[in-house]
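Novice: Next up is a structure, given as C-alpha cells.
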Amino acid sequence: MRTTGASGEDLRAALVEQLRAAGRVRSERVAAAFAAVPRELFLPGHVRRLGLAAAYRDEAVVTRQAQDGSPSSSSSQPSIMAEMLEMLALAPGARVLEVGAGTGYNAALLAHLVGPGGSVTSVELDPDAAADARRALRAAGSAAEVVVGDGHAGWPAAAPVDAVVVTASTATVPRAWHGQLAPGGVLVVPLQLAPGMPLLQSVVAMRKVRHGFDPVAASAGGFMPLRGGPGRPGGGEVAAFEEAGDDVVPRVRFTGPALAGLDAADRRRLLVAALGFARREILPLRWPAAWSLLAYVALALPEERLLSVERPVREGPDRTVMRSALGVVDAADGSLALLAPARGGLRLESYGGTGAEHALRSAAERWGLAGRPGLGDARITVRYGVARPHCWRSVRRGDQWIGLDWAT
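Under the working numbering, the residue at position 316 of the sequence shown is numbered 316, and the numbers go up by one with no gaps.
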C-alpha cells in the first residue's frame, strides 16, 4: 500500500499483514495488539525526523547511545517482538515481568494482551529511559508500569508472575527470574550462545521447572546485551594498535575465554599470527544458515578454545567500524582459525598451523551431517546447582548449567 499520507491506523494494519505474511504473527490476539498500539507515540523523535511511516517499518530503531557512541537502548524490530509475544502465549489476566523497558512499546503490547485483569511491570536500568517510557505509555492510555532497577534482580514486588520476557541478551539466566515466576511460568529471553560474541544468539522460550527451565521453543534473533548485573568473568583483552592520523586505532582485538589459558608469550604469538598471512576460503552459505553454522561451531567446541576477534572494516571514506568474527585457537601449535561474516556467506580464515582450522572444519562437517540444524531447532535447558541437563552439549556458566540439543 502507499504510505505517503497514510494514517497511523492504516500503517498499523499494513504492518500486521506484513508480519502475518512473514509467519511472525500467528494468532488473532497478537495481531490485535499490533493493530491497536500506536508505535509512533513511543518514537516521537524518529517520527519528527523521518515521518509517520518510518515508525511502522519492520526495523529496530536506536533511541539512546552510550558515551562511546554504541547503542544503549532501542525499539526492537516488530517481527522479533511479534515472535516473542507468540512464544509467551499470554492469557487475559496474566501477570508479566518485562526486563528492559526501552521505549515502552513492548510493554504496551503486553498490557493489551493481558487486558485490564492482568498486570505488566517493566524494569528499566536507565532512569531517563524509564521516564520517557512512562510518558509514552500514559499518552497511549496503557496501564503498564515502569520501574527503575537492575533487571538481573527482576522485581520482587511484582512476584509471582506468569511470564518473564527479556528485551536484551544475556549469557546466563539469573536465579531471580526463576524465583519470581509462578510454577510452570514461561521465560522468553535472547540467550548469548558464544562467549564474547553477543550477536550470536537464540531467542528461547523456556518453562519453569523445579531446578531450572525446560525448553519450549527457539528462534533466531539479536538484541543488545543486558546492562547492569555482576558481568561475566573472562580472559581479558589483547589488542594490536596502529596510528591513523592523529588517532591510535586497533588493528585486531581478542576477547573471550581462550585468553585465560594463554600466557603472555602465547598471546603475543597469537597477535603476530593474526596480523600475518591468512589462508582464506568462502563458505557459500546463505543467511540464516550461516548464523546457524556459527552457533553450532560455538557450541560444538569447548568454550576455552573460543575467542571473539574484532577488526576494523572501512564502510566509506570517513567511516570505519569494528566487525566481529568467531575465533578458534589451538594452543599446541599456536594456530588461529576464524569464521567471519562475508558477502556471499561466511569466510574461513586460517593463520599459522592447521590445528585450529581442522577443529573448525570438523565442527562444520558435524553440522552438515546433523542436517544443518538452525537456531530455531535449538532446545535450550537450564539447571541450577550441580546437576547437568541430559543433552548433547552442556556448559557451566556461573551457578548454572546451560544445555543444548537440536530438535529432530
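Virtual Cβ for every residue (Gly too), placed ideally from N, Cα, C.
None of these values were measured; they are calculated from a predicted model.
Kindly provide the ranges of any beta strand (DSSP E) runs that are 3 or more residues long and lie completely inside the region 37–92, ordered along the chain.
Specialist: For the region 37–92, whole beta strand (DSSP E) runs of length 3 or above, ordered along the chain, are 61–65, 71–75.
Novice: What's the gap between the Cα of residue 353 and the Cα of residue 308?
Specialist: Counting from one through the sequence shown, the residue named residue 353 turns up at place 353. Counting from one through the sequence shown, the residue named residue 308 turns up at place 308. Going by the C-alpha atoms only, they are around 19 Å apart.
Novice: At which residue ranges does the region 322–403 contain complete alpha helix (DSSP H) runs of 4 or more residues, listed in the order of the chain?
Specialist: Correct list: 355–369.
Novice: Given a cut-off of 9 Å on the beta-carbon distance, is the pair residue 43 and residue 75 in contact?
Specialist: The residue labelled residue 43 in the question sits at position 43 within the sequence shown. The residue labelled residue 75 in the question sits at position 75 within the sequence shown. Going by C-beta atoms, residue 43 is nearer than 9 Å to residue 75.
Novice: Comparing C-alpha positions only, which one of 405, 140, 183, 351 sits nearest to residue 277?
Specialist: To locate residue 277, count along the sequence shown from 1; it is residue 277. The shortest Cα separation from residue 277 among 405, 140, 183, 351 belongs to 351.
Novice: Do you know offhand how far residue 15's Cα is from residue 29's?
Specialist: For this step, residue 15 is matched to residue 15 along the sequence shown. For this step, residue 29 is matched to residue 29 along the sequence shown. Cα-Cα distance, rounded: 15 Å.
Novice: Count the CB pairs spanning the region 264–277 and the region 164–176 that are closer than 8 Å, and state whether there are at least three.
Specialist: Too few Cβ pairs lie closer than 8 Å, so no.
Novice: The beta strand (DSSP E) with residue 214 in it runs from where to where?
Specialist: Counting from 1 along the sequence shown, the entry for residue 214 is found at position 214. Counting along the chain, the beta strand (DSSP E) containing residue 214 begins and ends at 212–220.
Novice: Using 10 angstroms around the beta-carbon of residue 257, count the other beta-carbons present and answer buried if the total reaches 16, otherwise exposed.
Specialist: Counted from its first residue, the sequence shown places residue 257 at position 257. Label assigned to residue 257: buried.
Novice: Considering only their Cβ atoms, is the gap separating residue 87 from residue 161 smaller than 9 Å?
Specialist: Locating residue 161 in the sequence shown gives position 161, where the first residue counts as 1. Locating residue 87 in the sequence shown gives position 87, where the first residue counts as 1. Cβ atoms of residue 161 and residue 87: not closer than 9 Å.
Novice: Using the C-alpha atoms, what's the distance from residue 141 back to residue 391?
Specialist: Taking the first residue of the sequence shown as position 1, residue 391 is located at position 391. Taking the first residue of the sequence shown as position 1, residue 141 is located at position 141. Using only the alpha carbons, I get a separation of about 46 Å.
Novice: Can you tell me which of 82, 23, 5 puts its alpha carbon nearest to the alpha carbon of residue 51?
Specialist: In the sequence shown, the residue the question calls residue 51 occupies position 51. The option with the nearest alpha carbon to residue 51 is 5.
Novice: Check for me: the alpha helix (DSSP H) holding residue 127 runs from which residue to which?
Specialist: Here residue 127 corresponds to residue number 127 of the sequence shown, with the count starting at 1. Taken as a continuous stretch (DSSP letters only), the alpha helix (DSSP H) holding residue 127 covers 127–139.
Novice: Which of helix, strand or coil does DSSP assign to residue 266?
Specialist: Here residue 266 is taken as the residue at index 266 of the sequence shown, counted from 1. Three-state DSSP puts residue 266 in a helix.
Novice: Are residue 108 and residue 37 close, meaning C-beta to C-beta below 9 Å?
Specialist: As a first step, residue 108 is located in the sequence shown; it is residue number 108 there, counting from the start. As a first step, residue 37 is located in the sequence shown; it is residue number 37 there, counting from the start. In contact: residue 108 and residue 37 (Cβ atoms closer than 9 Å).
Novice: Contact between the region 98–114 and the region 131–148: three or more CB pairs below 8 Å?
Specialist: A contact exists between the region 98–114 and the region 131–148.
Novice: My parser needs the beta strand (DSSP E) runs of 3 or more residues fully inside the region 137–203; what are they?
Specialist: Counting whole runs of 3 or more residues, the region 137–203 contains the beta strand (DSSP E) stretches 145–148, 161–166, 181–192.
Novice: Of all the options 222, 255, 31, which has the alpha carbon lying nearest to the alpha carbon of residue 60?
Specialist: For the purposes of this step, residue 60 is identified with residue 60 of the sequence shown, where counting begins at 1. Closest option to residue 60, Cα to Cα, is 222.
Novice: Please report the residue range of the beta strand (DSSP E) in which residue 304 lies.
Specialist: Counting from one through the sequence shown, the residue named residue 304 turns up at place 304. Taken as a continuous stretch (DSSP letters only), residue 304 belongs to no beta strand (DSSP E), as it is neither H nor E.
Novice: For the region 116–125 against the region 92–102, do three or more pairs of beta-carbon atoms, one drawn from each stretch, fall closer than 8 Å, so that the two count as touching?
Specialist: Flag = yes, the region 116–125 and the region 92–102 touch.
Novice: Measure the beta-carbon distance from residue 253 to residue 239 and round it to whole angstroms, keeping in mind my assumption that it falls under 8 Å.
Specialist: Residue mapping note: residue 253 aligns to position 253 of the sequence shown, counting from 1. Residue mapping note: residue 239 aligns to position 239 of the sequence shown, counting from 1. Confirmed, Cβ separation roughly 4 Å.
Novice: What is the rounded straight-line gap between the Cα of residue 9 and the Cα of residue 297?
Specialist: Against the sequence shown, residue 9 aligns to sequence position 9. Against the sequence shown, residue 297 aligns to sequence position 297. The straight-line gap from Cα to Cα measures roughly 45 Å.
Novice: Within the same chain, show all residues whose beta-carbon is closer than 7 Å to that of residue 27, passing over the 5 residues directly before and after it, in chain order.
Specialist: As a position in the sequence shown, residue 27 is number 27, starting the count at 1. Same-chain partners within the cutoff: 86.
Novice: State the start and end residues of the unbroken beta strand (DSSP E) segment that holds residue 99.
Specialist: By one-based count along the sequence shown, residue 99 stands at place 99. 95–99 is the span of the beta strand (DSSP E), which, as asked, contains residue 99.
Novice: Drop a sphere of 10 angstroms on the beta-carbon of residue 402, count the other beta-carbons inside from all chains shown, and report buried for 16 or more, exposed for fewer.
Specialist: As a first step, residue 402 must be located in the sequence shown, where it is residue number 402. When all chains shown are included, residue 402 counts as buried.
Novice: Tell whether a beta-carbon distance below 9 Å holds between residue 295 and residue 356.
Specialist: Numbered from 1 along the sequence shown, position 295 holds the residue referred to as residue 295. Numbered from 1 along the sequence shown, position 356 holds the residue referred to as residue 356. Cβ atoms of residue 295 and residue 356: not closer than 9 Å.
Novice: Looking at the secondary structure, which residues open and close the beta strand (DSSP E) in which residue 279 lies?
Specialist: Here residue 279 refers to the residue found at position 279 of the sequence shown. Start and end: 279–283.
Novice: What is the DSSP secondary structure of residue 289, reduced to helix, strand or coil?
Specialist: For the purposes of this step, residue 289 is taken as residue 289 along the sequence shown, with counting starting at 1. Residue 289 falls in the helix class under three-state DSSP.
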